[in-house]
Structures are given as C-alpha cells and as structure tokens.
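Residue numbers (the working numbering): 911 to 1491.
Note that beta-carbon positions come from the ideal geometry of N, C-alpha and C, so glycine has one too.
Small disclaimer: the values here were computed from a predicted structure and weren't measured.
Following: one structure in structure tokens, then a few remarks.
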C-alpha cells in the first residue's frame, strides 16, 4: 500500500510539472503589495550592514562594498548581498587593514574606487579582479607587499598613484582595452610593463609607453637603465620617468620640444640631457633630483619655468643668452652644485633661484645682469663678483644663509667684489659685508730677473699685492715672447705673433704679497744672448691686470750679477763658469 501511494504521488507530480501553471500572486482588488524585505541592518545613511561588510545598493540594483570591519587574513568578498550582485569596491573600503594577506574579489566587480586597498601593509595577492574596468586613485597605494594581480584584460582606466610604492609588484599588463593610463600610477617600484599589441591608444618600444602616433612619450618602465627616444617624439609627458631611479642615459630625442612637469623627478642617476638638442620648454620640477654631472642649458630653450631644476644633482650649470630671466626657485636646493656660469643675456635672477645651494663655490655673472632678487643666492657661497650693470639687489640676495623656518643669517666672512659707486657697494655697506673694488684690486710689480745655476736658465719674478687674499677663481699667469718686444703684450694676443701664455703654478705669500716666478731651464749656450720679454697678468671676472714688461737675456743678467759687489766670490765664479762672462 505504501509503495502504491508513493508511485501515485510521483506520477501526480510529473503531471503537474508538465502542465502550464497559473498563479495569482496578488488579488485583483483590496490587497496591499509587499516587495522583498531586506533582512540586513539598515544603517540609516543609505548603507546596509551584513556581518563585517557594509554595502550600498546602486541605482541599477547592484551593490557596492563600502566598508569592512573584520580582521580576516584570507578574505573572500561575497558575490551578492540579499540578491544585489557586487559590482564595485567603494572608496577606502579596505583601507589600512594590516591583517589582510590575500583577498578574493567577485568576478562581477568592474570598479575599484579610490583608496580602497591603500596601506594594506601585508597584502600580497588580489584575486578575482580579472574583469575590472576602472582602478581608482591610490587604489593599492602603499600596499608594499603586493606582488600579484591577474592580467586585467577588460581594464579601461587606471588613475594616478594606483600602485604607488608597491615595491614588490614587478610586472603590469596593459590590455588592448586600456584607454586612460595615468603615468603617475607607479612610483617607487621596479615595474616592467607589457602591452597587448592590439591596443589602439598606446604602443610600447623598449619598455617605454608612447601614444599610438609615437610623438608623445607617456611612461617608461621603472626598471630601465637607458632610453633611446624615437625621432618622432616632440613631447616628454608629465611623470614620464617619475622614479625611474635606475635610468642613466638618454639617447636620441633630437626633435623633443617640451619636457613637461615632473617628467624626470627622482631620476637619481641620469647623467645628462645633452641629446635633447631641440628642447624649447622645460616645465616646473621637470628635473627634480636628477642629472648628476653638468647641465648646459641648450640655446634652443625659450621657456624655463619656476623650480624646473629644484634639488637637481648636477655639479655645474651653464645658462646661455637665450634665457633672460632665471625663474623663481629654479635651482633651489641643488646641494651638489659647485659652479654656475650665466652668459650675457641674463638680466634677472629671481627670488630664491639658487637658495640653499650650499656647495656653491663659484658664480660667474654677466655684464647684462640688471637685478638680483630676494634670497637669490642665500646659501653658503663665500664670495661673489657683481658687475656694474646690476642696479637692484634685493633683501638677503647674497651674503646670507637660511636655516629652518626661513630665518636668514648674515655670513660674516662673505665678500663682494664689484665697482665703486654701484649697487654692489651700496648693498655691501648696508649689510655690513666686506667690499672690494675690482678696479684697484690687484697691483702687479716686476721683481726683475735672476739666473738659475743648478740647471742653466733664467728666473723672472713678479709680485702681486692684493687688497685681500687672491680669489680662487682669479686666473694668474705670464705672457712672454722671445726677442725684445716693444709693444705691451695682452691676453688677446696670446697665441699670435709669438706671444705665449703660461699659467702660474706655484706662489709664495710674504707679508701679504704673492710672489710668482717664471723659470726658463736647460738653456743652450747659443741662447744666452737671446732676449726674452715677460710680463705677469691676473684675469678676474672679465677684468685684466698686468705688470710692466721685462726684457732680459742670460748673459746680460750674468754680467749684472758679476758687477754686483754684494755677491760673494764663489757665486761670481760659478756664474762666469756657466755663462762664459
């Protein structure tokens, strides 16, 4: 009987399932409609609580996870909440969760909003984001152990700082769907990019991303050590080589006109930018903390923006006549900079242009310079020559150092070299700075000629009396020619008409006087009667100072020594023996 009843029930169910079913859910009149009741806790702010998860319901009926309060190590995010499929992870949803090691995201998620996995210091792997289309600003910022994410084959947009400081992430795939790629996405890492060749917006050449036309350099892989820039490129974009700290050499780029803001920031080992031979515009912070040797600003540069070389690491700077204004704080805190040369054409050095360049030893200013603005050279520079063309020197412009809190302190040992009656002298007096008039700075005297007995020859001696110690950047030497020269020799004549220039190597300081000798050695006997004409010179800041000329020959000097009764007989015998007098 039981078996019969079971058989009849099964047959009945089959008949029912095979027939059309008509069910009246609501009565025609008089009833109240009741929808599905959400069993999660309503937070009263448009969000709902489901265990450790907070979510909101989107306009299309899907849901976005907005917060997580748990402490799981390996977290699996639910695929839906009360029938509302999860399609997004909201801003800051999992921010600063130190317990997270792995996270599995529903494959239905298409958007990772701003900051949602920021500073998850132990997060190593994120799974399930294969279908994500948007990665928001700073999404994985400072998740320093993150080493794996899948290939995001549907990705369209990736915002700036998305993977900032993800130092363990070594590779990132740019799908053919990627349309909006922020070059500021990766900072302080060693990411190498790979790309789907079918991407219609970008192309990749030797680990560097360009636009499809290859006229705009977008982003270099952070692992590159050198870059050869194609001839088509006219712009190096903002953040193009940001934190490419291994980059040492640039090649090519002969048609690059513009280097945008922050393009080479933190390229600590970049040696030179000389190959950018058509460069016209350098934007702010373009070379912050980069370029290690010399910056010779090309004559093609027309626009130089403020802070363009802020904290740059070069040792020498040359600015040519194409730049009339050194912008505000353009070279501030270049703490390795030792030598600055500004050619004719520069008229203004703006506020703080070389502030805190505390290794600066030598500055060469042009005769076209008109104004030095506030704190332009507020650094440990010990001396400066200011040309007469300068008519305005603003507060703390030179002779001051700056400490924390922007407090300026007078350097008691600072020296200004300039011309009497100029703005340089007025500034020096009003700031209690030592001033030296270059028009009377050096007084050169001839000490005559004497013989050298150890190796047959002649010594021409000169003395330089200076108002103070001779500046380090003063050039000191001799001009000479063989024969009796009746015309005064000048530096402009060196190399012509037998005039020879020789730098002074050694000096002796005696009672404030600096003595220099030019010595001719190993003279053959047939040269004893040949005249030599010599004078000393000092060249400083474009000004030239000369001694009188002295003409002597060895036998003439020998005769004078023999006739000098103050010389002992042994010396005279030696002179006669060597010089045959």
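Inset, instruction - For residue 951, collect the residues of the same chain with a Cβ closer than 7 angstroms to its Cβ; drop the 5 residues on either side in sequence, then sort them by chain order. - result: Residue mapping note: residue 951 aligns to position 41 of the chain shown, counting from 1. Only 958, 959 meet the Cβ criterion.
Inset, instruction - Determine contact between the region 1286-1296 and the region 1316-1324, defined as no fewer than three beta-carbon pairs at a distance below 8 angstroms. - result: Cβ pair count under 8 angstroms is three or more, so yes.
Inset, instruction - List in chain order: all unbroken beta strand (DSSP E) runs of 3+ residues lying wholly within the region 1144-1195. - result: Qualifying beta strand (DSSP E) stretches, in chain order: 1159-1162.
Legend entry - Which residues DSSP lists as bridging residue 1094, in chain order: Position 184 of the chain shown, counted from the start, is the residue given in the question as residue 1094. Paired residues: none, contrary to the question.
Inset, instruction - Give a yes or no on whether the C-beta atoms belonging to residue 1000 and residue 976 are separated by under 9 angstroms. - result: In the chain shown, counting from the first residue as 1, residue 1000 sits at position 90. In the chain shown, counting from the first residue as 1, residue 976 sits at position 66. The answer is yes: Cβ separation under 9 angstroms.
Legend entry - Cα-Cα separation between residue 1363 and residue 1481, rounded to whole angstroms: On the chain shown, position 453 is the one that residue 1363 refers to. On the chain shown, position 571 is the one that residue 1481 refers to. The alpha-carbon atoms of residue 1363 and residue 1481 are separated by roughly 9 angstroms.
Legend entry - Pick from 1305, 1326, 1359, 973 that is closest to residue 1317, judged by C-alpha positions: Residue numbering aside, residue 1317 sits at position 407 when the chain shown is read from its first letter. A check of alpha carbon separations from residue 1317 across 1305, 1326, 1359, 973 identifies 1305 as the nearest.
Legend entry - Host beta strand (DSSP E) of residue 1062 (start-end): Here residue 1062 is taken as the residue at index 152 of the chain shown, counted from 1. Bounds of any beta strand (DSSP E) do not take in residue 1062, whose DSSP letter is neither H nor E.
Legend entry - Beta bridge counterpart(s) of residue 1105 as assigned by DSSP: To locate residue 1105, count along the chain shown from 1; it is residue 195. Within the DSSP bridge table, the entry for residue 1105 names 1084 as partners.
Inset, instruction - Verify whether the separation of the beta carbon atoms of residue 1169 and residue 1189 is less than 9 angstroms. - result: Translated into the one-based positions of the chain shown, residue 1169 becomes position 259. Translated into the one-based positions of the chain shown, residue 1189 becomes position 279. Yes, they are a contact pair.
Inset, instruction - Please confirm if the region 1114-1130 is in contact with the region 1142-1150, defined as three or more CB-CB distances below 8 angstroms between the two stretches. - result: Because the criterion of three Cβ pairs below 8 angstroms is met, the region 1114-1130 and the region 1142-1150 touch.
Legend entry - Extent of the continuous beta strand (DSSP E) to which residue 1519 belongs: This structure gives no information on residue 1519, because the portion of the chain shown stretches from 911 to 1491.
Legend entry - Contacting residues, own chain, Cβ-Cβ under 7 angstroms from residue 1457 (five flanking each side not counted): Sequence index remark: in the chain shown, residue 1457 carries index 547 (1-based). Hits under 7 angstroms: 1354, 1355, 1356, 1372, 1445, 1446.
Legend entry - Supposed contact pair residue 1042 and residue 1007 - C-beta distance, whole angstroms, cut 8 angstroms: By one-based count along the chain shown, residue 1007 stands at place 97. By one-based count along the chain shown, residue 1042 stands at place 132. Rounded to whole angstroms, the Cβ separation of residue 1007 and residue 1042 is 19 angstroms, and the two are not in contact under 8 angstroms.
Legend entry - Spatial distance of residue 1013 from residue 1037 (CA atoms): The sequence position of residue 1013 within the chain shown is 103, counting from 1. The sequence position of residue 1037 within the chain shown is 127, counting from 1. Those two C-alpha atoms are separated by around 6 angstroms.
Inset, instruction - Could you please give me the residues that DSSP links to residue 1122 through a beta bridge? - result: Start at 1 with the first residue of the chain shown, and residue 1122 comes out as number 212. Partner(s): none; residue 1122 has no beta bridge.
Inset, instruction - Quick one: using the 10 Å Cβ neighbour count with 16 as the cut-off for buried, is residue 1485 buried or exposed? - result: Taking the first residue of the chain shown as 1, we reach residue 1485 at position 575. Buried is the call here.
Legend entry - Residue range of the unbroken alpha helix (DSSP H) whose run includes residue 1340: Residue numbering aside, residue 1340 sits at position 430 when the chain shown is read from its first letter. For residue 1340, the uninterrupted alpha helix (DSSP H) segment begins and ends at 1333-1340.
Legend entry - Chain-order list of residues whose beta-carbon lies under 8 angstroms from that of residue 1195 (same chain, five-residue window excluded): Start at 1 with the first residue of the chain shown, and residue 1195 comes out as number 285. Non-local beta-carbon contacts of residue 1195 in its own chain, meaning distances under 8 angstroms to residues more than five positions away in sequence, involve 1171, 1172, 1175, 1217, 1218, 1220 in chain order.
Inset, instruction - Compare the C-beta of residue 1416 with all C-beta atoms of chain E and state if any pair is closer than 9 angstroms. - result: Judged by its chain identifiers, the structure shown contains no chain E, having just a single protein chain.
Legend entry - heavy atom of the ligand SAM below 8 angstroms from residue 1453 C-beta: As presented, the structure is devoid of all ligands, the ligand SAM included, so that no description of it is given.
Inset, instruction - Starting from the Cα of residue 1058, find the closest Cα among 1048, 1034, 1050, 1199 and give me that residue. - result: Position 148 of the chain shown, counted from the start, is the residue given in the question as residue 1058. Checking every option, the nearest Cα to that of residue 1058 belongs to 1034.
Inset, instruction - Quick one: which unbroken beta strand (DSSP E) runs of 3-plus residues sit fully inside the region 965-1035? Chain order, please. - result: Within the region 965-1035, the complete beta strand (DSSP E) runs of at least 3 residues are 973-978, 984-986, 994-999, 1012-1014.
Inset, instruction - Check whether the Cβ atoms of residue 1207 and residue 1214 lie closer than 9 angstroms to each other. - result: Mapped onto the chain shown, residue 1207 falls at position 297. Mapped onto the chain shown, residue 1214 falls at position 304. Going by C-beta atoms, residue 1207 is nearer than 9 angstroms to residue 1214.
Inset, instruction - Counting only the same chain and skipping the five closest in sequence on each side, list residues whose C-beta sits under 8 angstroms from that of residue 1237. - result: Residue mapping note: residue 1237 aligns to position 327 of the chain shown, counting from 1. Non-local C-beta neighbours of residue 1237 in its own chain, meaning closer than 8 angstroms and more than five positions away in sequence, comprise 1214, 1215, 1216, 1217, 1218, 1260, 1263, ordered along the chain.
Legend entry - Residue environment, residue 1462, which counts as buried when at least 16 other CB atoms sit within 10 Å: Your numbering for residue 1462 matches position 552 in the chain shown. Taking every protein chain shown into account, the CB of residue 1462 has 16 or more other CB atoms within 10 angstroms, so this residue is buried.
Legend entry - residue 1389 - partner residues in DSSP beta bridges: Indexing the chain shown from 1 puts residue 1389 at position 479. Beta-bridge partners assigned by DSSP to residue 1389: 1411, 1445.
Legend entry - residue 1053, buried or exposed, once every other Cβ within 10 Å from all chains shown has been counted against 16: As a position in the chain shown, residue 1053 is number 143, starting the count at 1. Residue 1053 is classed as buried because its beta carbon has at least 16 other beta carbons within 10 Å across all chains shown.
Inset, instruction - Check the DSSP bridge columns for residue 1428 and list the partner residues they point to. - result: In the chain shown, counting from the first residue as 1, residue 1428 sits at position 518. Looking at the DSSP assignment, residue 1428 forms a beta bridge with 1370.
Inset, instruction - Spatial neighbours of residue 1278 within its chain, please: CB distance less than 7 angstroms, with the 5 preceding and 5 following residues excluded, ordered by chain position. - result: Residue 1278 sits at position 368 when you count from the first residue of the chain shown. Closer than 7 angstroms at the Cβ level, and outside the excluded window around residue 1278, lie 1254, 1255, 1256, 1257, 1299.
Inset, instruction - Could you name the residues that DSSP lists as bridge partners for residue 1137? - result: Numbered from its first residue, the chain shown carries residue 1137 at position 227. 1160, per the DSSP bridge assignment.
Legend entry - residue 1075 and residue 1045 closer than 9 angstroms at C-beta: Taking the first residue of the chain shown as 1, we reach residue 1075 at position 165. Taking the first residue of the chain shown as 1, we reach residue 1045 at position 135. No; because the gap between Cβ atoms is not below 9 angstroms, this pair is not in contact.
Inset, instruction - Report the residue from 1212, 1473, 1408 whose alpha carbon sits nearest the alpha carbon of residue 1393. - result: As a first step, residue 1393 must be located in the chain shown, where it is residue number 483. Taking the Cα of residue 1393 as reference, the smallest distance to any Cα among 1212, 1473, 1408 is reached at 1408.
Legend entry - Spatial distance of residue 1366 from residue 1433 (CA atoms): The residue given as residue 1366 occupies position 456 in the chain shown. The residue given as residue 1433 occupies position 523 in the chain shown. The straight-line gap separating the alpha-carbon atoms of residue 1366 and residue 1433 is approximately 6 angstroms.
Inset, instruction - Please check the pair residue 1296 and residue 1328, which I expect to be a contact at CB under 8 angstroms, by giving their CB distance rounded to whole angstroms. - result: Position 386 of the chain shown, counted from the start, is the residue given in the question as residue 1296. Position 418 of the chain shown, counted from the start, is the residue given in the question as residue 1328. The pair is a contact, with the Cβ atoms about 5 angstroms apart (cut-off 8 angstroms).
Legend entry - Reference residue 963, options 953, 971, 969, closest by Cα: On the chain shown, position 53 is the one that residue 963 refers to. Per the Cα distances, 953.
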